[in-house]
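Going letter by letter, the sequence shown gives residues 46 to 1193 in my numbering. By construction, the Cβ of each residue, glycine as well, lies at the ideal position given by its N, Cα and C atoms. All figures in this text were calculated on a predicted structure; none of them were measured in a lab. A quick write-up on the structure given underneath.
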Amino acid sequence: MAERVKGVASLQSIKSLPVGYAFDLNKSETVNHRMESKKEANGNADGYVDESPYSRLNFSVEESPSSGDDDPSANAFDSSRVESKWSDTMSYATKKKLHSWFQLADGSWELATFISKSGNEVLISLSEGKQVLKVKADDLTPANPDILDGVDDLMQLSYLNEPSVLYNLQYRYNRDMIYTKAGPVLVAVNPFKKVALYSNEYIEAYKRKSVESPHVYAITDMAIREMVRDEVNQSIIISGESGAGKTETAKIAMQYLAALGGGSGIEDEILKTNPILEAFGNAKTLRNDNSSRFGKLIEIHFSETGKISGANIQTFLLEKSRVVQCSEGERSYHIFYQLCAGAPGALKEKLNLKDVSEYNYLRQSNCRSISGVDDAEEFRIVMEALDVVHISKEDQESVFSMLAAVLWLGNISFTAVDNENHAEPVVDEGLTTVSTLIGCGVEELKLALSTRKMRVRNDDIVQKLTLSQATDTRDALAKSIYSCLFDWLVEQINKSLAVGKRRTGRSISILDIYGFESFERNSFEQFCINYANERLQQHFNRHLFKLEQEEYIQDGIDWTKVDFDDNQDCLNLFEKKPLGLLSLLDEESTFPNGTDMSFANKLKQHLNSNLCFRGERGKAFTVSHYAGEVTYDTTGFLEKNRDLLHSNSIQLLSSCKYRLPQTFASNMLSQSEKPVVGPLYKSGGADSQKLSVSTKFKGQLFQLMQRLENTTPHFIRCIKPNNSQSPGKYEQGLVLQQLRCCGVLEVVRISRSGFPTRMSHHKFARRYGFLLLDHVASQDPLSVSVAILHQFNILPDMYQVGFTKLFFRTGQIGVLEDTRNRTLHGILRVQSCFRGHQARRHLKHFQRGIATLQSFIRGEKARKEYANLLQRHRAAVCIQKQIKGRTKRKTYENVHDASIVIQTVIRGWLVRRCSGDIGLLQFGGRKGNESEEVLVKSAFLAELQRRVLRAEAALREKEEENDILHQRLQQYENRWSEYELKMKSMEEIWQKQMRSLQSSLSIAKRSLALDDSSRRNSDASINPTDDKESSWETGSNHRTRDSNGVRPMSAGLSVISRLAEEFEQRSQVFGDDAKFLVEVKSGQVEANLSPDRELRRLKQMFEAWKKDYGSRLRETKVILNKLGSEEGGSSDKMKKKWWGRRNSTRFN
């Protein structure tokens, strides 16, 4: 094929590219090397890009000079010509020198180049000119121009036909661009290798919408935005064949949801559920190394802020038969192999685990490992995931015990005990290990596996089982334990994901369910799986074809109906009552004598007239599904549909001592409200099995469809490029079959001519009405909607107005959303500025108040801290002073003692060394044993001896002087004792003299008082008016005396009283001084004076005062005598008497 040229980046306006037309690159947009980076039409934040075939951009075209044919009119849109415009073939295509597709005999398509044309025959060359063929023009299918190679949306193809779609997908697949858009559907081709499309950089790019190429991230991002915008729950439906990559796609979608809605920590738990569910629910099949053998719906809940707040997982139809039976080349569930390979030694010993080859259930398929998969490492990942979802270590050990019990159940063998082929389990390692692991007795386990208890009327009958029946009972117990364990794990995971999470009603559901399967031998599991895929395909058709076109017609818009393949007839074949496949299967399952052959014959009898059914030989029948015909073998259909677990097995589990088997038994007993009645019960059916598997699965499927109907769906179609799971290999036939099943071409046709975006008039006016003027916005919703469309210059071809809604082509609503977002952003900016201004004002006011309050508090706190610090500083200084002083004193004492010791040692050493005339002194300290010799002369030694003698003589003299001083001190002490005795005697004499003076003064006072009173009495009786002019002293006769004569006597009394006071004061002073000197002399009081000298001075003062006091006393006597001569005889006698007593007490 010729080398492709670079393509124009914006191709939305292309309707067709007939031969001879070319782009005028001067007027076109910039050429882009990679087509997958073009803008998609989901409301780009930077600008609007239209993905429909009608665009605002115009390209100039001109007719090729090599052709003289007229160019068909292809530039104007005419709704009446929609069907002819998008026809897969054009009549003029063969007239132009253009590439076309030619289908070879093997069904593959190859690009052919026109050489010439003759009538209805065309000469073409294949394989770049290596082969030339003449074919009919009708056998050629037009190919797209080179510029459209590898477009990221199939809607951009000018010619929409099967070979063009196949080539476009292969072109992108070879360049690791595995995602392609087909209108609203994302087509994902499994690369079977790791591609660099899922790093954090890609997540950030799609989050910021800086990349618009097709991706699972883009679909998931659209679901999140629509959930927030429309407040409607979303669903991402991932479908495809087994091995197409559905499970990995679901994990990628969950990874993006966790990145956008993360932050609460629950997203890590949600992601960690994947390795757990894959280990317990996935297995290796012939077509897929990691095939999901169950369906799951993960419902992720979001909070009002758009963060993940919880999740819930719902599972559908686990393939239980894989536990006990595997086809050649397949494996059982991954967890069995991971447990045997990665369990720690202690766990292996506890569970008595062996190698995989030791277990019958695992070795029957001769496939024990998967290339490139380390089961031990996968087991470590599963252990970490169990910890993350909060399954305790105790529960984990219980889970592994149940898994080991299932494996050892397969190793239980039976032996015939009688001629009727009745069997009994062999007591070996398998039987004892199972009883230990599930916590029951060996005899109880033997009884449950070899007998069956039935109730006939009111009697219980115990029936022994044959060898085949015992084997089926063993396998049924293993399947039930594993199924219940799987359901229990999902329940524990849901508790972990839902505890404490707030529900807001907003959620995104991700459906990952088994894909359409068609094997050489298809059994009951494939029957149910393909039925579920028929339901999903009908949901797909309903949303993308039926509802879409019905809504167009009901709302009255101009629309030409697009035909599509409807699978309603196939669904009726399955679900019709009473003659549908499921009804007939349940009916035959209730018959005790029903067999797989009778079921097949009943189907052929009742359904041969159905176009989707065809009976085959033996037990087989064929169903025409949407994805092709599948032939089913009814062998095992009835047994699997019944899925019986007898009451003996349930009672065995309920009697176990461990919690998990008891829980399984309780769940099996509570599965249905009504017990089984009729032949199924009489044949020994279990009380736990109330409904058939197909009936329960049908109910689950209807619930699933009901939940999906209440959401906005987003479809991802996974394509399997080859059956060998080889990277880079692209099988056209296989891919084409899957594209036909998915209805990709029909989806693209209806999308490029349809109106995928719609909104009611009221909602449209309410959402965008504020962008208009007030007087327009106040009108009815329809007028507002039309005004909005006119204001934003949306072309009439890009929308249609229905009775109740507005319909837009792809991308048109993005222009309005961008304008709305910018306007709201501007409003929010103004509001934020104003509110920020107010907030800053309040903040400054509060800051000033807070600063003032803080200043007072901090000041008070600082003052208290300073006072404490100052107190601590003073205490520290005091402590330091004491410690430093003590340290210094101790250091000084040590140095002093050391100095004395050193001096003593040196002096002694010198003396000892210098005992002769000449000696040698050794001084160490030098390196080695070197020493210094010093010569000492005898003269020096003699001088030292003389000095010692002089010092000893001086010492003796000092000792003699000391003895003399001691003698003198003794003499002084003796003298002092004598002085003390004299002082005491003198003190006694003084006290006697003082007492005599005091007595004389008191006698004088009394005598004077008596004289005065007698004189007043005599004067009053004899001459009361006399003595007016008497005087007190000689020479004072001019003074007038009082009439009563009291004045001279009062003067005398005052003189005597003064003398008495002076005597008392002097006696007190001399007594105190004498006492003080005695205390100083005895050492009781310290004073800087000589007690002897002061004592002599005190004695002299006492003698002087004594003489003075005696003279004054005599003068007073003379005066009193003069006064007494003037008084009567009685008074003279009294005076003489007083003076006589006074003279007797005179001082010596």
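{"Check": "For Thr496 and Ser525, the rounded distance between their alpha carbons", "Outcome": "18 Å"}
{"Check": "Reference Asp600, options Cys787, His806, Gly681, closest by Cα", "Outcome": "His806"}
{"Check": "Endpoints, alpha helix (DSSP H) assigned at Lys524", "Outcome": "512-543"}
{"Check": "Counterpart residues of His759 in DSSP-defined beta bridges", "Outcome": "Ile281"}
{"Check": "Residue nearest to Ile553 in terms of C-alpha spacing, selected from Ala356, Phe747, Met1028", "Outcome": "Ala356"}
{"Check": "Three-state class that DSSP yields for Tyr813 in the structure shown", "Outcome": "helix"}
{"Check": "Counted within 10 angstroms of its Cβ, other Cβ atoms place His144 as buried (16 or more) or exposed", "Outcome": "buried"}
{"Check": "Environment of His887 [buried if 16+ CB atoms lie within 10 Å]", "Outcome": "exposed"}
{"Check": "Chain-order list of residues whose beta-carbon lies under 6 Å from that of Phe1115 (same chain, five-residue window excluded)", "Outcome": "Phe1147"}
{"Check": "Cβ neighbour criterion (16 or more within 10 Å) applied to Ile506", "Outcome": "exposed"}
{"Check": "8 Å CB neighbourhood of Gly778 in its chain, flanking five on each side removed", "Outcome": "Gly152, Ser153"}
{"Check": "Candidates Glu373, Glu344, Ser348, Gln370, of which the one nearest Gln359 by Cα", "Outcome": "Glu344"}
{"Check": "Beta carbon of Leu214 nearer than 9 Å to that of Val780", "Outcome": "yes"}
{"Check": "Residues near Asn335 by beta carbon distance below 6 Å, same chain, minus five either side", "Outcome": "Asn327"}
{"Check": "Minimum length 4: unbroken alpha helix (DSSP H) runs contained in the segment 165-238", "Outcome": "207-218"}
{"Check": "Residue(s) in a DSSP beta bridge with Pro766", "Outcome": "Per DSSP, none; premise fails for Pro766."}
{"Check": "Residues of its chain near Gln613, where Cβ-Cβ distance is below 8 Å and the 5 sequence neighbours each way are ignored", "Outcome": "Gln583"}
{"Check": "Inter-residue spacing [alpha-carbon to alpha-carbon] between Leu630 and Glu620", "Outcome": "11 Å"}
{"Check": "Complete runs of the alpha helix (DSSP H) confined to the segment 288-344 [at least 4 residues]", "Outcome": "291-306, 311-326"}
{"Check": "N- and C-terminal bounds of the beta strand (DSSP E) containing His670", "Outcome": "665-670"}
{"Check": "For Gln845 and Phe800, believed in contact at Cβ under 8 Å, the rounded distance", "Outcome": "6 Å"}
{"Check": "For Leu869, the first and last residue of its enclosing alpha helix (DSSP H)", "Outcome": "857-958"}
{"Check": "Test item: CB-CB of Glu562 and Val675 under 9 Å", "Outcome": "yes"}
{"Check": "Environment of Leu1236 [buried if 16+ CB atoms lie within 10 Å]", "Outcome": "Outside the displayed range of the chain (46 to 1193) lies residue 1236, so it cannot be described from this structure."}
{"Check": "Straight-line Cα distance separating Glu246 from Ala386", "Outcome": "36 Å"}
{"Check": "Secondary structure of Phe853, DSSP reduced to three states", "Outcome": "strand"}
{"Check": "For Ser414, the first and last residue of its enclosing alpha helix (DSSP H)", "Outcome": "Segment: none, Ser414 is in no alpha helix (DSSP H) and carries neither H nor E."}
{"Check": "Residue(s) in a DSSP beta bridge with Pro470", "Outcome": "Phe459"}
{"Check": "Three-state secondary structure (DSSP) of Asn87", "Outcome": "Any reading at Asn87 needs caution, since the residue's pLDDT is 36, under 50, leaving its predicted position unreliable; the model's value is listed next. Coil."}
{"Check": "Status (buried if at least 16 other CB within 10 Å, exposed otherwise) for Val230", "Outcome": "buried"}
{"Check": "Arg931 versus Arg917: straight-line alpha-carbon distance, rounded", "Outcome": "21 Å"}
{"Check": "Nonlocal neighbours in the same chain, by C-beta distance under 7 Å from Arg1051, ignoring five residues either side", "Outcome": "none"}
{"Check": "Under the three-state DSSP convention, the category Glu442 falls into", "Outcome": "helix"}
{"Check": "Leu363 beta carbon less than 9 Å from that of Arg338", "Outcome": "yes"}
{"Check": "Three-state secondary structure (DSSP) of Lys649", "Outcome": "helix"}
{"Check": "Nearest to His670 (by Cα), restricted to the options Asp610, Ser699, Ser711", "Outcome": "Asp610"}
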